[in-house]
Structures are given as C-alpha cells and as structure tokens.
C-alpha cells in the first residue's frame, strides 16, 4: 500500500499526456487544413496545454 | 548616457550568460556535499535540493562543506511579537545559536523562526513539528531582496525606454527589444480579451505581471540560487492581486452572471449560484497553483537529474545525465516564458469577463 503514491502519479501523467496529445493532434489537423490560421491555432493550443498541465501539476503535488 | 546604455546592454548579456551556466554552477555546489558511499550521496542530494528550494534569512554564496564556513552576508530580521524587533540574522549563526532581542529569545529551526527560552529548546509534537509560538515574520529574506531587485531593474528598464521616445517614434536602446513584446501584449492579449473600450485600465498590471514573472523565472534558473516563484506565498500574492482587480472593477453584468444567471430556469439559477461563486475563487487559486507547481517541479526535476550525475559516477551514466539535464534546462527556459504568458493571458481573460457588456445571448 505504500507504493500507491507512485501508481497515482503515473495515472496523472497518463491523463495529462492523453489530454495534451489530443489537443496537439487536432491542432495539427487544423493547421493542415488552413495554414494561414496557424498563428491563432498555435496560441489556442498552448493555452489549452498550459491549463491541462496546471491540473496535472496540482494533482502531482497532492500525490 | 551612452555609457549607461552600454552598461545596461552588458548587464543583459551577462544575465543571459548566467542562464547558460545553470548546470555548471549547480554541479559545482554539489561537489562539496557528495562525499562517501552512494547512500550518503543520495541523502546529501536530497538535503541539498530541499535547502536550495527554500527561502533563507541570509544570502549565502557558497559554503565550504569541510570547514563549515559560509561565504555570504546576513539579512535583517524584522519580527512582530507585541512590538517590532529587528536584528541582523547573523545572530542566528545559521541556526546554531539562540538570538536574543529585547528580552525574548528566538531560534531558527528549519528556516523558520520560533520563540524559545534562553536555552533554545524546541518542543516537537508527534509528527516532528515544533509547537513553539511563532512571531509574525516580516524579515527581509532572500526572496524579498530579489523581488526588490527585479522591481528596481524593471523600473530602470522601462523609464529608460519611455525617455527614449521623446521626439522620435522609434525607441532607442532597451526599448527596441521591449516594444514588440509590449505591442504583442496589447494587441493579442489585452484587446481581444478585454475589448477596445476599457483595456487601458488593465494594461499596467498586465505588463507588470508579465515581465515580473518572466524575469523572476529566468533568474531562478541562474546560479544565484534565487527561487522567488518557487515560493507559494509569492504566487499567492500575484493571484490575490488578480482576484482583487476582477472583484473590485467588475460591473453589474458580472455579478448578475454569477448569482442570478439570466435566461436560465429558476431552479437552475439556484443551483448555479454557489457553483459560480466557488468558481470566482478557484480561478485565481488555479493561477497560483499553476505557476508555483510548474516552476517548482521543473527545478526539482532538473536538480535531481544533475544529482544523478553524482550517483552514477561512471563513464556512461554521467554524460547521459548531463545531456538530459541540458535538454531539461532548455525546456525550463521555454517554461519560464510560457508561464508568464499564460498568467497574463488568463488574468486578461478574467478582467474581460469582469467588464463584459451585456450582449444578447
């Protein structure tokens, strides 16, 4: 039972990684469709990634 | 004047060079501590990391592990304990002796000041936490020194830039580097989120917080041993300012949307009100946690990987750790700027929500 901390940390990383990966993927698709909007898409992608990482880190600290 | 401009340029180049010597400096410090068998090394590294991430009441440049002498200078301690007591932290002698001031005795234990008797006894409870009384601590610690330093630096940079606008549209000197960034913050962060009507009220705070967080994050990566945003109290203060700004400059639409959301059935309104109220607290809280956790976790990981170099002590393991640490240091540079940008952007978003005019949904 003492190692459950690390199992929790691993789950958090899986969650954050999946979330950010999906955002990155859809951002790539969007840029491929419309290369001239790539600036705005990049900005939005970074914002969403930072929000998800915020939750990830907060949860990591609790674990 | 030209000499000042040149010296400012040199100061900034020097700052960039300091950033580039992250790994060298950290590993230089650790060498003093890693002696003995590998188990000792791991604990030394743990203790070093923990010590490195905390605030301290004196400014130690480096210590000689063998002889125990510290090179640095002490900072003043200001306590409030039924009256203002000030003294220099050299009376503490790095936590070994009891400081006496105006009749009461204080001892430094794990970086915090406690009130004790003349012997310096610290009574611990079951978990190992001291149960002595703590006076209110307003001392000028290392973090405070660096916040003041960055404030002075920013003041000089920006007044210099403002003066160079006299009579010509293009600034000279440091303004040339700062102008695109300021225009970016105005055109891509402030105006889209707050709107053209009242973005000017918030530009001062947005600019300040962006440059402050960016410079402080960068300074945390240098060998000066500064970690201001590592301290949750500092990020709490920044998030509190954002919270107060949104609360006190919000218009009626904002409060209406929180407590009595329009165009929604009455039952839902009653359910939504406490949730929205909690939301106003949680948003700045998330700002605080995001900045603190990103920077602190980055520092811990970076120093652990540097510590790995000393645990391995082999021909293959140590250079690989060095390469990984170098890559991580580059990532940290990106994170420094990114976190500043995110903090500013989300603050602008919250300000925009506070002053939003009512448009038909």
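Protein chains in written order, with the numbering used here: chain A, 1178 to 1240; chain B, 973 to 1333. Note that CB positions come from ideal geometry on N, CA and C, so glycine has one too.
- Message: Please tell me whether residue 1192/B and residue 1271/B are closer than 8 Å, where the distance is taken between their beta carbons.
- Response: With contacts defined by Cβ atoms closer than 8 Å, residue 1192/B and residue 1271/B form a contacting pair.
- Indicate whether residue 1266/B and residue 1307/B have their beta-carbon atoms separated by less than 8 Å. Going by C-beta atoms, residue 1266/B is nearer than 8 Å to residue 1307/B.
- With a threshold of 16 other CB atoms inside 10 Å of the CB of residue 1016/B, please say whether the residue is buried or exposed. Label assigned to residue 1016/B: buried.
- Query: Taking DSSP as the reference, what is the three-state secondary structure of residue 1006/B?
  - Reply: Per-residue confidence for residue 1006/B stands at a pLDDT of 41, beneath the threshold of 50, marking its modelled position as unreliable; the derived number appears in the next sentence. In the structure shown, residue 1006/B sits in coil (DSSP, three-state: anything other than H, G, I, E or B).
- Item | When 1203/B, 1296/B, 1132/B are compared against residue 1114/B, the one with the closest alpha-carbon | Ranked by how close their Cα comes to the Cα of residue 1114/B, the residues 1203/B, 1296/B, 1132/B have 1203/B in first place.
- residue 1199/A to residue 1225/A span [Cα, whole Å]: Answer to the nearest angstrom: the Cα atoms are 11 Å apart.
- What residue range is occupied by the uninterrupted alpha helix (DSSP H) comprising residue 1160/B? Judged by DSSP secondary structure, residue 1160/B falls outside any alpha helix (DSSP H); it is assigned neither H nor E.
- the ligand MN heavy atoms versus the CB of residue 1200/B: any closer than 7 Å? This structure does not include the ligand MN; it has no bound ligands of any sort.
- Query: Buried or exposed: where does residue 1161/B fall if 16 or more other Cβ atoms within 10 Å of its Cβ makes it buried?
  - Reply: With 16 or more Cβ atoms within 10 Å of its Cβ, residue 1161/B is classed as buried.
- Start-end ranges of the beta strand (DSSP E) lying completely within the stretch 1252-1289 of chain B, minimum 3 residues: Given a length threshold of 3 residues, the stretch 1252-1289 of chain B has no whole run of the beta strand (DSSP E) inside it.
- Pick from 1264/B, 1258/B, 1167/B, 1278/B that is closest to residue 1020/B, judged by C-alpha positions: Sorting 1264/B, 1258/B, 1167/B, 1278/B by C-alpha distance to the C-alpha of residue 1020/B places 1278/B at the top.
- Grouping DSSP H, G and I as helix and E and B as strand, with all else coil, what is residue 1235/B? In the three-state reduction of the DSSP assignment, residue 1235/B falls in the coil class.
- Confirm, please, whether the CB-CB distance from residue 1207/A to residue 1218/A is below 8 Å. Yes, the pair counts as a contact, with Cβ atoms nearer than the cut-off.
- Alpha carbon to alpha carbon, what distance is there between residue 1165/B and residue 1325/B? Those two C-alpha atoms are separated by around 8 Å.
- Item | Cβ pair count under 8 Å reaching 3, the stretch 1315-1324 of chain B against the stretch 1212-1221 of chain B | Yes, the stretch 1315-1324 of chain B touches the stretch 1212-1221 of chain B.
- Query: What number of angstroms, rounded off, separates the C-alpha of residue 1136/B from the C-alpha of residue 1150/B?
  - Reply: Distance between residue 1136/B and residue 1150/B, taken at the CA atoms: about 12 Å.
- Message: Let me see if you follow: with CB-CB separation under 8 Å, is residue 1188/A close to chain B or not?
- Response: Taking CB atoms only, residue 1188/A has no neighbour in chain B less than 8 Å away.
- Query: Can you list, in chain order, the residues of its chain whose CB lies under 7 Å from that of residue 1297/B, leaving out five sequence neighbours each side?
  - Reply: Hits under 7 Å: 995, 1274, 1277, 1278.
- Start-end ranges of the alpha helix (DSSP H) lying completely within the stretch 1183-1239 of chain B, minimum 4 residues: As for any alpha helix (DSSP H) of minimum length 4 sitting wholly inside the stretch 1183-1239 of chain B, the runs are 1204-1220, 1224-1231, ordered along the chain.
- Item | C-beta atoms of residue 1235/A and residue 1261/B nearer than 8 Å | It is a contact, given that the beta carbons lie within the stated cut-off.
- How many angstroms separate the CA atom of residue 1038/B from the CA atom of residue 1110/B? Below a pLDDT of 50, predicted positions are generally treated as unreliable, and residue 1038/B, at 48, falls in that range; no measurement from the model is reported.
- Message: If you measure between the beta carbons of residue 1126/B and residue 1182/B, is that distance less than 8 Å?
- Response: No; because the gap between Cβ atoms is not below 8 Å, this pair is not in contact.
- Task: Could you check which residue in 1188/B, 1194/B, 1289/B, 1327/B has the C-alpha nearest to that of residue 1124/B?
- Result: For the residues 1188/B, 1194/B, 1289/B, 1327/B, the minimum Cα distance to residue 1124/B belongs to 1188/B.
- Task: Express the C-alpha separation of residue 1295/B and residue 1237/A in angstroms, rounding to a whole number.
- Result: Distance between the alpha carbons of residue 1237/A and residue 1295/B is about 25 Å.
- Taking just the CA atoms, how far does residue 1205/A sit from residue 1222/A? Answer to the nearest angstrom: the Cα atoms are 10 Å apart.
- Got a sec? Which residues, its chain only, sit under 7 Å from residue 1186/B by beta carbon, not counting five neighbours each side? Cβ within range, chain order: 1308, 1309, 1312.
- So is residue 1183/A buried or exposed if we call it buried at 16+ other beta carbons inside 10 Å? Classification of residue 1183/A: exposed, given that the 10 Å Cβ count is below 16.
- Does the beta carbon of residue 1195/A sit closer than 8 Å to a beta carbon anywhere in chain B? Among the CB atoms of chain B, none fall inside 8 Å of the CB of residue 1195/A.
- Message: Check whether chain B comes within 8 Å of residue 1231/A, counting only Cβ atoms and requiring the distance to be less than that.
- Response: Judged by the 8 Å Cβ criterion, residue 1231/A is in contact with chain B.
- Separation of residue 1171/B from residue 1177/B, as counted between CA atoms: Taken atom to atom, the span from the alpha-carbon of residue 1177/B to that of residue 1171/B is near 11 Å.
- What is the C-beta distance between residue 1250/B and residue 1230/B, in whole angstroms, given that I count them as a contact (C-beta under 8 Å)? Actually they do not touch by this definition, with Cβ atoms about 10 Å apart.
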